[in-house]
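In what follows, a single structure is set out as structure tokens and then discussed.
Protein chains in written order, with our numbering: chain V, 1 to 336; chain A, 1001 to 1466.
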């Protein structure tokens, strides 16, 4: 097939955006679920849940788009990575089932409210941990022979993937705290500020550990970062991370309601960038590049046409739905 | 113990999709029904439409939530258990899946929030638009997923390079030979399923004599709809059958448990198919009728299963019996619709206790028909994932052991067997509480920012019901 236009960079960008939107949107959404377990009373739990009730469904849709986008743009990567993380995916999906139905069930099933409180809280936490494990396994890479994953379904379980699982709990917790600071007031907001500070410390510890561990584990990544002149070009990433961390910390301890959330997002963008720099151009680390795993030109072109039209429209009406529910959580909107 | 990962993966897929499809089977029609009610209310200003709409929105929100979480499971099944199928078909099928997400899932999700929680936050017309968008989203979703499913049944517009499928013509891929009739047959099935649920609930409310106006509205509206759709569905089903005869003769032979190729074949009403002896036991047959129904010709030829190598035949018993269950449901539905029409003509539609009871009992009939129809078409597709080209056994993820899949299957079973009865119980509780005055059903508190959400209207929470 003659190559008129290389769609791979475009699809890499689109998929990157989709995954990032997922991590950001369902990140704060799951993070709110994690912090939910620390809420002092029913009234606080109602407010916390109502802060995401109208939007969680849309946030989770980005997960489906991320999965399907990977299948569409880089099917070989999908076919190798997903079976390799068989059990983390299973656990994530079942945890998402519990936390998803908890919204409606908790409200309708007053006798078992506590049970559904737990389902929402643990479901959010377990789903987050499982996603972190998937991320860690992905960075470590998989055993591959030919076009298939050739390891076992328990290969995912390593100290590194456990670490990234815990790291993501803190990360989503930070985003969740940022969201709650934005959407609540008074005691609830103060609690969220405190929780955000704890999560931020956890996040920084995790970023530090992963940043040391990854180059030790993988010499290719070490040479990517620490060889002259790369070190000059890439130095802004860790420097900006330090700056974002400082800004987030100060925002959590100021009166600002927006900056903690923005700071959390900034830290995620930079971590995301760090991983991308480490792995590029591999989509199945050690085995296949983005180009090798890409679907056919016709496939990518056909989907691109629609995506370029639909994605802006989606962003428009999704923004509108967020705008409808803007401001602090109102007691008369949502489940009551 | 030795488990077969292929068989268990099939069982797992059947399990998660079987439960999942029950929800779109209801929500596709319910979303449209709610949009129509909201539109009527906007146009006529009659309060009853609003009350009925808000009642169904409460039930819809539970079903839709369950549909979302069980739906998120589905695309990941393609990767976890069917990775070689994904690798082989992604170039052709993945855009169809992705377009489902882009055109439908986001639309539904964004506007659902406004539909459920935004009635007081947006103008009335915008709320109606939100209802309309959710309904359109469910239809877009059906379009793409059934196109992908149909392609697996009747692949077109592709070429095979190195054992993988590549697209050559997108229009042929999307509008593959079985797609139009499958889309029509399935969407109408979903509307009918919702129709019988609303009919049954309306009948129940009338029997309780407490919510007569709402019950009458539900009964009357849906009976008109069903009067049009049930006969249409029988026509569409027949049309779909002709399509199967042309493109998937082995499936048709399994549906009819027909072993020998022949003309002027009988219609088998009942039999016990035996794959070992390649024959039927205890068959009850009507001479000649088979060819007439299946081919629309008296001497039309029906291929028998023996014309296909044994390793290319689908299982016989499941398609055979499931098809008869589906058609049986259709006959019952037609009976109810005809009876309802006659009673309406006699002006006794809402005060014939036996008919109301019959409608109430028939509430789940659409679900039975949908699951049966699904079993016919998917089991009948075996032993292929892409009909005639890619074997199911060659589609499964190679890294999986039987034990892996046994664990995941048990986990899915445990979770679904807990969640579905709970969801059903909560929906039935809403039905039992009945519709409530429009003002109360939504929210009672004026705008403002009280410290804590108030448990508005005892009836809303449902829990404080006597």
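Ideal Cβ placement from N, Cα and C applies to all residues, glycine included. Only a predicted model underlies this, so the values are computations on that prediction, with no experimental measurement involved.
Query, Result
"Considering only DSSP beta bridges, list what residue 1267(A) is partnered with.", "1286(A)"
"Near residue 144(V), what residues of its chain come up, given a Cβ to Cβ distance below 7 Å and the 5 sequence neighbours on each side ignored?", "80, 150, 284 and 287"
"Taking the beta strand (DSSP E) that residue 1167(A) falls in, what are its first and last residues?", "1164–1167"
"Roughly how many whole angstroms lie between the Cα atoms of residue 49(V) and residue 220(V)?", "44 Å"
"For chain V, find out if any of its Cβ atoms is closer than 8 Å to the Cβ of residue 1441(A); answer yes or no.", "Only weak support exists for where residue 1441(A) lies, its pLDDT of 48 falling under 50; the coordinates are left without a value."
"Distance check for residue 1393(A) and residue 305(V), CA to CA, integer angstroms please.", "35 Å"
"In whole angstroms, give me the CA-to-CA distance for residue 1212(A) and residue 111(V).", "30 Å"
"Give me the subset of the region 123–155 of chain V whose CB atoms are less than 8 Å from a CB atom of chain A, sorted by chain position.", "147, 148, 149, 150, 151, 152 and 153"
"Using a Cβ-Cβ cut-off of 7 Å (strictly less than) and excluding sequence neighbours within five positions of residue 1167(A), which residues of its own chain qualify?", "1091, 1092, 1157, 1158 and 1173"
"First and last residue of the alpha helix (DSSP H) that includes residue 313(V)?", "297–324"
"In this structure, does DSSP put residue 1389(A) in helix, strand or coil?", "coil"
"What is the rounded straight-line gap between the Cα of residue 1253(A) and the Cα of residue 1235(A)?", "20 Å"
"Could you spell out where the alpha helix (DSSP H) holding residue 139(V) opens and where it closes?", "113–140"
"Quick one: Cα of residue 1265(A) to Cα of residue 1071(A), how far?", "42 Å"
"Using a Cβ-Cβ cut-off of 7 Å (strictly less than) and excluding sequence neighbours within five positions of residue 1398(A), which residues of its own chain qualify?", "1084"
"With DSSP run on the structure shown, which of helix, strand or coil describes residue 1416(A)?", "helix"
"Using three-state DSSP, classify residue 1122(A) as helix, strand or coil.", "coil"
"Short of 8 Å in beta carbon distance, which residues of its chain neighbour residue 1125(A), apart from the five on each side in sequence? Order them along the chain.", "1042"
"Does the region 1112–1121 of chain A come into contact with the region 1174–1185 of chain A, if we say contact requires no fewer than three beta-carbon pairs (one atom in each stretch) closer than 8 Å?", "no"
"Please name the residues in the region 86–106 of chain V whose beta-carbon is closer than 8 Å to at least one beta-carbon of chain A, in chain order.", "86, 87, 89, 90, 93, 94, 96, 97, 98, 100, 101, 103, 104 and 105"
"Since residue 288(V) sits in a beta bridge, which residues does DSSP pair it with?", "284(V)"
"Can you pull the chain V neighbours of residue 1079(A), defined as C-beta to C-beta under 8 Å?", "67, 71, 78, 79, 81, 82, 83 and 89"
"Would you say residue 1376(A) and residue 1330(A) are within 8 Å of each other, going by their C-beta atoms?", "no"
"In whole angstroms, what separates the C-alpha of residue 1097(A) from that of residue 1108(A)?", "16 Å"
"CB-CB under 6 Å to residue 1111(A), same chain, minus the five flanking residues each way: which ones, in chain order?", "1130, 1133 and 1134"
"Are the Cβ atoms of residue 135(V) and residue 158(V) separated by less than 8 Å?", "no"
"In whole angstroms, what is the alpha-carbon distance linking residue 1218(A) and residue 1128(A)?", "19 Å"
"Chain A partners of residue 307(V), CB-CB under 8 Å?", "1098 and 1102"
"Tell me which same chain residues have a C-beta within less than 8 Å of the C-beta of residue 1013(A), skipping the five on either side of it?", "1077, 1081 and 1082"
"Tell me where the alpha helix (DSSP H) around residue 1192(A) begins and ends.", "1179–1208"
"Give the range of the beta strand (DSSP E) segment to which residue 1161(A) is assigned.", "1158–1161"
"Taking CB distances under 8 Å as the criterion, tell me whether residue 1341(A) reaches chain V.", "no"
"Here's a check: name, in chain order, each residue in its chain whose Cβ is nearer than 6 Å to the Cβ of residue 204(V), leaving out the five neighbours to either side.", "245"
"Taking DSSP's pairing of strands, which residues face residue 1272(A) in a bridge?", "1281(A)"
"According to DSSP, is residue 1441(A) part of a helix, a strand, or is it coil?", "Any reading at residue 1441(A) must be qualified, since the residue scores a pLDDT of 48, below 50, and its modelled position is unreliable; the value itself is stated next. Helix at residue 1441(A)."
"Mind listing the chain V neighbours of residue 1317(A)? Cutoff is C-beta to C-beta under 8 Å, in chain order.", "Here the premise fails: no neighbours, minimum Cβ distance about 31 Å."
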